[in-house]
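Input: a single structure, listed below in structure tokens.
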Amino acid sequence: MTIGEQIIENPGQVPIAFEIEYDPADIDDRFTYAIGVRITESAELAFINDTRYQIITRDSLTHVDMVPVKVGGAI
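Residues 0 to 74, numbered by numbering that gives the first Met the number 0, are exactly what the sequence shown covers, in order.
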């Protein structure tokens, strides 16, 4: 289930700051939530996170610094 999403067109140079808004009423403390990132170039996947970043519930962070990894293929 996706509770929030942000699409950044032409973000410029890294690092790319972003913030995802969500409705706190959608959060169920019984569950865990994670954030993921995908960076595409010309509609092709270029970078993705390979680490699970748990957020919001169970004393998790509300701020993370992510370092996505390059997906195979030339860029």
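For every residue, glycine included, the Cβ atom is placed at its ideal position computed from N, Cα and C.
Same chain, Cβ closer than 7 Å to residue i, five either side skipped, listed in chain order
i, result
"P67", "V36, I38, F46, I47 and N48"
"L44", "R37 and V70"
"Y21", "I2 and G3"
Residue of the options minimising C-alpha distance to residue i
i, options, result
"I101", "E40, A42 and A24", "Since the displayed the chain opens at 0 and closes at 74, residue 101 lies outside it and no answer follows."
"F30", "M0, A16, M65 and E8", "M0"
"D27", "H62, D64, R57 and T61", "R57"
"T61", "G11, E40, S41 and F17", "F17"
"N9", "M65, A42, T50 and I2", "A42"
Other residues of its chain near residue i: CB distance less than 8 Å, five sequence neighbours each side excluded
i, result
"Y32", "I2, I26, Q53, I54, I55, T56 and S59"
Whole-angstrom C-beta distance between residue j and residue i, which should lie under 8 Å
i, j, result
"I6", "I15", "About 12 Å; that fails the 8 Å criterion."
Cβ pair residue i, residue j closer than 9 Å
i, j, result
"E40", "I19", "no"
"I34", "V63", "yes"
Simplified DSSP state of residue i, which is helix, strand or coil
i, result
"A45", "strand"
"I16", "In the sequence as presented, Ile is not what sits at residue 16; that position holds Ala. Correct three-state label for A16: coil."
Cβ-based neighbour list, residue i, same chain, cut-off 6 Å, excluding 5 preceding and 5 following
i, result
"M65", "V36 and N48"
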